[in-house]
Structure formats: C-alpha cells, structure tokens
Amino acid sequence: MNMDSVLSSVMETASKTQSLPDDYIAPDGLKYCGKCHTPKEAFFPEGSHFGSSDRYPILCKCAAEKEAQHKVQQQETERMERISQLRSEAFKDIPALNWRFENAAVMTPQLSKVKSYADKWEAFINDGIGLLLFGDVGTGKSYAAGCIANALIEKSVAVRFSAVSDIVNRMQGNFGVDREDFMKQLMRPELLILDDLGAERSTSFGKECVFDVVNHRLLAGKPMIVSTNITLSAMKAATTLDDRRIYDRILEVCIPVQFKGQNFREVNRKANMQKAIEVLGG
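Residue numbers (our numbering): 70 to 351.
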C-alpha cells in the first residue's frame with residue numbers, strides 16, 4: 070500500500086468517525102455538524118486534490134472545544150501526578166506534607182516574610198538566593214520552611230527537605246562513588262532545605278560534611294534554605310575555621326529572617342495536657 074492510499078484511508082476513517090446522525094451537507098457542499106452547525110470539512114486550496122478528494126476532515130466547533138477540554142484535564146492530571154511525586158521526594162525524612170501557609174493557625178510576621186519568598190521564587194532562583202531562618206527553639210522555623218516547600222511544589226518546583234543531622238549520618242556511611250551519588254541527590258533539587266543546622270554532631274567530620282553540601286549548592290548557583298537555633302550574631306562572631314567556612318557561605322547567599330516570640334511547641338504541649346486533663350476528668 071502506497072503513502073497516498075494510507076493517507077486516503079486515514080482521511081476516510083476520520084470523516085466517518087466524526088459523522089453523527091444529525092450532520093448535514095450544506096449548500097457549499099461541505100459536511101456540517103448538526104449540533105454546533107460549523108463545518109466538519111474544508112476544501113483543499115483551489116485546484117488541489119488528494120486522490121479523488123477535494124476536501125479533508127476538520128474539527129467542528131463543539132468537537133474542538135471537547136478536545137481542548139480533554140487536553141486541559143489531561144494536563145491537570147499529569148500536573149497532579151507530578152506534584153504527588155515531588156512531595157514524596159521532598160519529604161522523605163520530614164513529616165511536612167500538611168505544613169502550608171493556608172493551614173497556619175497564625176500568620177506571623179515571619180511567615181508573611183517567607184511567603185513572599187515563595188511568591189517571588191522566580192526572582193530568587195535566578196540569583197541562587199535562599200533564606201537563613203534563625204531563632205529560638207519552637208518558634209516555627211521548620212514549619213515555615215515546610216510551608217515554602219509545599220508552596221513551591223504546587224508550582225512543580227523540585228524540593229528536598231532534610232535534617233542536617235540526617236545528611237551527616239548518611240554521608241558518614243558513604244564513601245567514594247556512594248558519597249558522590251548522595252551529593253548529586255542533594256544538588257539535583259531546585260531548592261534544598263537544610264533543617265536544624267547545629268543539631269548535628271559537632272565533629273570535624275560533621276562540619277566537613279555540612280561545608281561540602283553548602284559549598285556545592287553555592288557553586289552550583291542553586292538556592293538553599295537553612296534553619297537553625299544558632300543566632301546571627303554567633304555566626305558572624307564564629308572563631309573556628311570550620312564554623313567560619315560554613316557560616317560565611319550561608320550568609321553569602323541566604324537572607325537572614327529572625328524567628329522570635331512564643332514557643333509553639335510549649336503552647337501545643339499545654340493544649341494537649343489540658344485536653345488530657347479534661348478527658349481524664351481532672
């Protein structure tokens with residue numbers, strides 16, 4: 070079967086597939102849709118034919134709209150599947166799936182600031198700029214980082230959220246090619262969130278691991294968000310070479326945002342205690 074025969078067969082099949090009982094032939098000789106009354110055929114340019122045919126099948130208005138709607142639905146399905154995959158990859162170590170700006174009990178000034186970072190992500194990623202979230206224990210630093218992660222994942226941005234101590238522990242057990250592969254995993258996401266800097270073991274090896282990750286992200290021009298209980302003044306006043314190498318690089322590419330105020334964990338603890346007292350009858 071030659072190419073002309075194949076194309077003729079395809080056109081004939083398309084024409085038959087589109088045919089509905091209410092379709093009709095208009096005075097111009099073309100087939101029209103009985104529903105939307107727009108043509109289902111079009112003439113080839115004047116003088117042109119394909120085999121014995123001087124026309125070819127086209128989508129009528131309602132068929133085109135249906136196809137466009139199907140395409141939109143398919144794209145949304147693919148987007149949701151992609152987002153689901155990104156969430157599973159982002160939160161392997163941290164239970165932050167439900168940490169969202171819209172779920173926050175209180176939109177603190179700090180949350181508002183970091184929300185602006187997520188809203189204006191495109192501007193920050195171009196310059197490789199991240200955030201340094203610092204402050205007392207329980208003031209919402211990790212939650213804020215999780216909110217950013219979820220907001221960016223909604224934009225199909227690849228994120229990884231990992232505790233610094235977990236990263237150091239993983240690197241301690243990896244050497245050579247395995248360590249290089251793990252480092253590549255940390256470099257792959259568009260945003261890397263390093264949670265709770267300073268909670269890892271304070272050893273030369275641990276600091277070397279943290280420096281390697283931070284330095285690789287900086288050299289790659291990819292942003293990172295770092296949360297820590299270490300104060301900004303302590304970072305700037307660090308005297309040991311290991312600490313200074315880490316902090317200098319973080320402060321070079323991360324905008325400091327201070328978290329202060331009440332300890333949310335303490336508030337939650339008291340609320341849970343009160344519930345338990347009520348359930349137990351005082």
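Using N, Cα and C, we set each Cβ at its ideal position, and we do this for glycine too.
Reducing DSSP to helix, strand and coil, say where C323 ends up. strand
Can you give the Cα-Cα distance for K305 and L320, rounded to whole angstroms? 9 Å
Among G116, C102, S117, the one whose alpha carbon lies nearest that of N110: The displayed chain sequence assigns Glu, not Asn, to residue 110. Taking only the C-alpha atoms, the option nearest E110 is C102.
Can you grab the Cα-Cα spacing for the pair R124 / A137, in whole Å? 24 Å
With 16 other CB atoms within 10 Å as the buried threshold, where does P126 fall? buried
Should F251 and R239 be called a contact, given that it needs their Cβ atoms to be closer than 8 Å? yes
Could you round the C-beta distance between L202 and A214 to whole angstroms and report it? I think they count as a contact, below 8 Å. 6 Å
Using a Cβ-Cβ cutoff of less than 7 Å, which residues in the same chain neighbour A133 once the five nearest sequence positions on both sides are dropped? none
Given I152, which residues of its chain have a CB within under 7 Å of its CB, disregarding the five upstream and five downstream residues? I222, E223, S225
Among the residues of its own chain, which have a CB less than 7 Å from the CB of L166, if the five just before and after it don't count? R156, F160
Can you check the stretch 123-209 for any alpha helix (DSSP H) of at least 4 residues that lies completely inside it and give the ranges in chain order? 130-159, 178-188, 190-196
How many angstroms separate the CA atom of A218 from the CA atom of T309? 32 Å
Just the Cα atoms here: how many angstroms apart are Q241 and A289? 23 Å
With 16 other CB atoms within 10 Å as the buried threshold, where does E147 fall? exposed
Pull up the CB-CB distance for K291 and G197, whole angstroms please, since I reckon it's below 8 Å. 6 Å
Determine the direct distance from the alpha carbon of I294 to that of S234, and round the result to whole angstroms. 15 Å
What span of residues does the alpha helix (DSSP H) with V282 cover, start to end? 273-289
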